[in-house]
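Chains as they are written, first to last, in the numbering used here: chain P, 1 to 338; chain A, 1001 to 1338. Beta carbons are placed, not taken as given, at the ideal position from N, Cα and C, and that holds for glycine.
Protein chains: 2
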Amino acid sequence: MPGVTIRDVAARAGVSPATASRVLSGHPATSVLSRERVEQAVAELGFRPNAQARSLRSTRTSTIGLLISDVRNPFFADLAHAAEQQALELGLITLLANANESVEQQNRYLDVLLAQRVDGLILVPQGGDNANVEMLASSGLPAVFVDRVIDDIDLPSVTADNSSGMGEAVQHLAELGHRRIGYISGPRSASTGRERFAAFQAATLACGLEQDPELVVFGDFKAGSGAAGARQLLDLANAPTALIAADGLMTMGAVRVCQELGIRIGEDLSLVGYDDIDAFAIMRPALTLIAQDADEMGRTAVRLLHQVIAGEKPEPVVLPTRLMVRKSTGPAKTGENR
Amino acid sequence: MPGVTIRDVAARAGVSPATASRVLSGHPATSVLSRERVEQAVAELGFRPNAQARSLRSTRTSTIGLLISDVRNPFFADLAHAAEQQALELGLITLLANANESVEQQNRYLDVLLAQRVDGLILVPQGGDNANVEMLASSGLPAVFVDRVIDDIDLPSVTADNSSGMGEAVQHLAELGHRRIGYISGPRSASTGRERFAAFQAATLACGLEQDPELVVFGDFKAGSGAAGARQLLDLANAPTALIAADGLMTMGAVRVCQELGIRIGEDLSLVGYDDIDAFAIMRPALTLIAQDADEMGRTAVRLLHQVIAGEKPEPVVLPTRLMVRKSTGPAKTGENR
DNA sequence: CTGAAAGCGCTTACAG
DNA sequence: CTGAAAGCGCTTACAG
Chain P
1 MPGVTIRDVA ARAGVSPATA SRVLSGHPAT SVLSRERVEQ AVAELGFRPN AQARSLRSTR
61 TSTIGLLISD VRNPFFADLA HAAEQQALEL GLITLLANAN ESVEQQNRYL DVLLAQRVDG
121 LILVPQGGDN ANVEMLASSG LPAVFVDRVI DDIDLPSVTA DNSSGMGEAV QHLAELGHRR
181 IGYISGPRSA STGRERFAAF QAATLACGLE QDPELVVFGD FKAGSGAAGA RQLLDLANAP
241 TALIAADGLM TMGAVRVCQE LGIRIGEDLS LVGYDDIDAF AIMRPALTLI AQDADEMGRT
301 AVRLLHQVIA GEKPEPVVLP TRLMVRKSTG PAKTGENR
Chain A
1001 MPGVTIRDVA ARAGVSPATA SRVLSGHPAT SVLSRERVEQ AVAELGFRPN AQARSLRSTR
1061 TSTIGLLISD VRNPFFADLA HAAEQQALEL GLITLLANAN ESVEQQNRYL DVLLAQRVDG
1121 LILVPQGGDN ANVEMLASSG LPAVFVDRVI DDIDLPSVTA DNSSGMGEAV QHLAELGHRR
1181 IGYISGPRSA STGRERFAAF QAATLACGLE QDPELVVFGD FKAGSGAAGA RQLLDLANAP
1241 TALIAADGLM TMGAVRVCQE LGIRIGEDLS LVGYDDIDAF AIMRPALTLI AQDADEMGRT
1301 AVRLLHQVIA GEKPEPVVLP TRLMVRKSTG PAKTGENR
């Protein structure tokens, strides 16, 4: 393939490069004879069109970028998988990029993806320096937000209702008699971090639970911060009887700490996780959690992007979240805290 | 950005496109004055170089492709993350593609990645139709295999020692008194599937365990097949007292089935998983497993590819695997099988 | 249905 | 240090 160009193909087929190009791109104005000859030449030469040159001319790549915040987070892995399958159905190829929960890295990939001239971009925006995202939005390149959103940037989006599932979770714990609920929050820089936290505060207020600021600790959506947060909350002189973590990885960290500390989840402490991850189903006790549909979110993002590419301006989509009650939540221990 | 080209920048800076290009690409032969002017023009215009055009001319993209077999498999997610970080350190940007354990999809992405003219490619090859991979190998594009390998294709590779960890696992179970070990194998189309299975057979033979073909079932490295396999093995009239699954996802499936069946892992049944996944550490009982270092594998793959790009021909690397004994394995139940 | 020609946006010897 | 010019590999009006 190296060095085989469309002129080689054309020469071998005895046609002009223009005709070869038409055959290759399925243009209707080609004769059967040309088609046969060109196709044979392509096969013989092992010709592989140079996408760079092609899209330089035609300005389409049939490729979309999907910039997620963390491949290692099962939620995003699921989302990416579903998005990619949906894209395939629409004839689009997905190039995945991993921001690794870092704005700097996000911005770097943003540059690359734009430079590669993807036809569109699906973005889980990081918080922080939005200059590049603003540039993206104003560049006219079809783009949509998924999962997270940046407030002042007007792009179609698919997000989850970060409020209802959280509300159900708090109410569930309140009904079990918990008064002091510890909260391991996502970062304030992410819309999901802010919204879930706001929902937590609103719900604890509505249920008349304690509003002690000590009960809230901020993490970064990674496991380490969930572990650190759990440790800090459980070390409190007046420790909470229940914990909610605001994403899957932080939940993992919290579970690990409980195990290290010998705390029996579901008995000594109630724990509500976030995201319906396989690992949470096989844990014993199985984890009560706030579920969102990662697959649907990924598929919807691609569909929205497809509409944007087609020139439409789709409305924002908000997907439901819901509490799945399993075995990690139980009645609050009255009297002493463990 | 749309429409802003290097000539616009040059015009605004009062220099030729050639000079603008030199400044942009850090060519030494530029005056301070030109540099300043061009940089200012770039900033004012929000110019973003077109990577397509650039690499069409220079034939380098500073981009590598990483084609993995399943994003949702934590092993590959970890590997991808580590590879990407290592690539960044070497100034390379990673475009991730997900074959989804399908040759067809792999081949499709292979086409795209080649068409995008990545500077190199890291590939977890699927089994089946190798035509495209052969083409890749003979195309001269720098490429390396990671995790899996295709026998007759001579490409540098980094793999794990699929034999030693498996050997330890079988021996461990034998020492606990297990005579009938069920094995949930990966597909024969993958080198890892074949090698682990061969190691299992060799080890059971060496330990003098039963060689009943009924004890082996073949899956596809996905959770569903692990579940189906476990169910089939546990339904046997003469069911095994221990199970080994050949990858992380199939292990997850097997665990799920045990739980559904009310089988107590570590007591009624010993279970050895594959891959050192977070979920397996927080399970109760914590899972005994065969661990390989996904991070190191990802990093090594990038390093090898980097060498290939530099014109070297690196030796294959084989990383160790090892048994981590935790709580899911115990003495074989004598007498009745549950 | 086909070909000659121009051009997509850059980079790079070649002169100076 | 700089510019004019050619060219990377395609595609696409424009004529015919």
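Practice task
Check whether the Cβ of residue 1112(A) lies closer than 9 angstroms to any Cβ atom in chain P.
Solution key: Put simply, the CB of residue 1112(A) is near chain P, with a gap under 9 angstroms to one of its CB atoms.
Exercise for the section: On a CA-only basis, which of 261(P), 216(P) and 221(P) is nearest residue 389(P)? Give me that one, please. Expected result: In the structure displayed, chain P extends from 1 to 338; residue 389(P) sits before or after that span and is not available.
Handout entry: Segment contact flag, the stretch 1245-1253 of chain A with the stretch 1273-1285 of chain A, C-beta cutoff 8 angstroms, min 3 pairs
Key = As far as the Cβ criterion goes, the stretch 1245-1253 of chain A touches the stretch 1273-1285 of chain A, which means the pair count is three or higher.
Exercise for the section: Return yes when the Cβ of residue 1116(A) is within less than 9 angstroms of the Cβ of residue 232(P), no when it is not. Expected result: For residue 232(P) and residue 1116(A), no; Cβs fall outside 9 angstroms.
Practice task
Decide if residue 313(P) is buried, meaning its Cβ has at least 16 other Cβ atoms within 10 Å, or exposed.
Solution key: Looking at its Cβ environment, which holds fewer than 16 other Cβ atoms inside 10 Å, residue 313(P) is exposed.
Practice task
Reducing DSSP to helix, strand and coil, say where residue 1300(A) ends up.
Solution key: In the structure shown, residue 1300(A) falls within a helical segment according to DSSP collapsed to helix, strand and coil.
Handout entry: Classification of residue 13(P) by the beta-carbon crowding that lies within 10 angstroms, buried from 16 upward
Key = The residue is buried, with at least 16 neighbouring Cβ atoms inside 10 Å.
Exercise for the section: Quick one: list the residues of chain P neighbouring residue 1117(A), beta-carbon separation under 9 angstroms, in chain order. Expected result: Here the neighbours are 50, 51 and 52.
Problem - Within-9 angstroms CB hit, residue 1153(A) to chain P - result: No, its Cβ sits nowhere closer than 9 angstroms to a Cβ of chain P.
Exercise for the section: Identify the continuous beta strand (DSSP E) that holds residue 1184(A) and give its terminal residues. Expected result: Here the beta strand (DSSP E) through residue 1184(A) covers 1181-1185.
Practice task
Name, in chain order, the residues that DSSP records as bridge partners for residue 244(P).
Solution key: Partner(s): 183(P) and 272(P).
Exercise for the section: Go ahead and pull the three-state DSSP assignment for residue 10(P). Expected result: Helix.
Practice task
Check whether the Cβ atoms of residue 1126(A) and residue 1103(A) lie closer than 9 angstroms to each other.
Solution key: Contact flag set, yes.
Exercise for the section: Would you tell me roughly how many angstroms separate the C-alpha atoms of residue 136(P) and residue 1169(A), rounded to the nearest one? Expected result: Between the C-alpha atoms of residue 136(P) and residue 1169(A) there is a straight-line separation of about 52 angstroms.
Problem - Per-residue burial, residue 159(P) [other beta carbons within 10 Å of its own, 16 or more giving buried] - result: It is buried - the Cβ of residue 159(P) has at least 16 other Cβ atoms within 10 Å.
Handout entry: Closer than 9 angstroms at the beta carbon, the chain A residues around residue 256(P)
Key = Under the 9 angstroms cutoff, chain A gives 1278, 1281 and 1282.
Exercise for the section: Taking only beta carbons into account, state which residues of the stretch 69-81 of chain P come closer than 7 angstroms to chain A, listed in chain order. Expected result: Of all residues in the stretch 69-81 of chain P, 71, 72, 77, 78, 80 and 81 have a Cβ within less than 7 angstroms of some Cβ in chain A.
Exercise for the section: May I ask you to report which of helix, strand or coil DSSP gives residue 292(P)? Expected result: For residue 292(P), the secondary structure class from DSSP, reduced to helix, strand or coil, is strand.
Problem - C-beta atoms of residue 124(P) and residue 99(P) nearer than 9 angstroms - result: Yes, the pair counts as a contact, with Cβ atoms nearer than the cut-off.
Exercise for the section: Indicate whether residue 1269(A) and residue 1290(A) have their beta-carbon atoms separated by less than 9 angstroms. Expected result: Cβ distance not < 9 angstroms, so residue 1269(A) and residue 1290(A) don't count as in contact.
Practice task
Please confirm if residue 85(P) has its CB atom under 9 angstroms from at least one CB of chain A.
Solution key: Judged by the 9 angstroms Cβ criterion, residue 85(P) is in contact with chain A.
Handout entry: Proximal chain A residues relative to residue 126(P), where beta-carbon distance stays under 8 angstroms
Key = Listed along chain A is no residue with a C-beta nearer than 8 angstroms to that of residue 126(P); the closest approach is about 16 angstroms.
Handout entry: Coil, strand or helix - residue 29(P) by DSSP
Key = Three-state DSSP puts residue 29(P) in coil, outside helix and strand.
Handout entry: Host alpha helix (DSSP H) of residue 1107(A) (start-end)
Key = First-last of the alpha helix (DSSP H) with residue 1107(A): 1103-1115.
Problem - Endpoints, alpha helix (DSSP H) assigned at residue 1282(A) - result: Per DSSP, the continuous alpha helix (DSSP H) segment holding residue 1282(A) begins and ends at 1278-1282.
Problem - C-beta neighbour in chain P for residue 1018(A), strict 9 angstroms - result: It does not: the Cβ of residue 1018(A) has no partner Cβ on chain P nearer than 9 angstroms.
Exercise for the section: Could you work out which residues of chain P lie near residue 1056(A), taking near to mean beta carbons separated by less than 9 angstroms? Expected result: Within chain P, the residues near residue 1056(A) are 50, 52, 53 and 56.
Problem - 7 angstroms CB neighbourhood of residue 1214(A) in its chain, flanking five on each side removed - result: Closer than 7 angstroms at the Cβ level, and outside the excluded window around residue 1214(A), lie 1236.
Handout entry: Exposed unless 16 or more other CB atoms sit within 10 angstroms - verdict on residue 112(P)
Key = Classified as buried, residue 112(P) has 16 or more neighbouring CB atoms from the shown chains inside 10 Å of its CB.
Practice task
Using only alpha-carbon positions, find the residue among 1044(A), 1024(A) and 1045(A) that is nearest to residue 1035(A).
Solution key: Here the closest residue by C-alpha is 1024(A).
Exercise for the section: Take residue 1110(A) as the anchor and find which of 256(P), 202(P), 326(P) and 49(P) has the nearest alpha-carbon. Expected result: Checking every option, the nearest Cα to that of residue 1110(A) belongs to 49(P).
Practice task
Would you mind sorting residue 66(P) into buried or exposed? The rule is 16 or more other CB atoms within 10 Å of its CB.
Solution key: By the beta-carbon neighbour count (other beta carbons within 10 angstroms, threshold 16), residue 66(P) is buried.
Problem - C-beta neighbour in chain A for residue 93(P), strict 9 angstroms - result: At least one C-beta of chain A is nearer than 9 angstroms to the C-beta of residue 93(P).
Practice task
Look up residue 309(P) in the DSSP assignment and say whether it is helix, strand or coil.
Solution key: DSSP, reduced to helix, strand and coil, places residue 309(P) within a helical segment of the structure shown.
Handout entry: Residues near residue 1177(A) by beta carbon distance below 7 angstroms, same chain, minus five either side
Key = Within the same chain, residue 1177(A) has close Cβ partners 1331 and 1332.
Practice task
Verify whether the separation of the beta carbon atoms of residue 79(P) and residue 4(P) is less than 9 angstroms.
Solution key: No.
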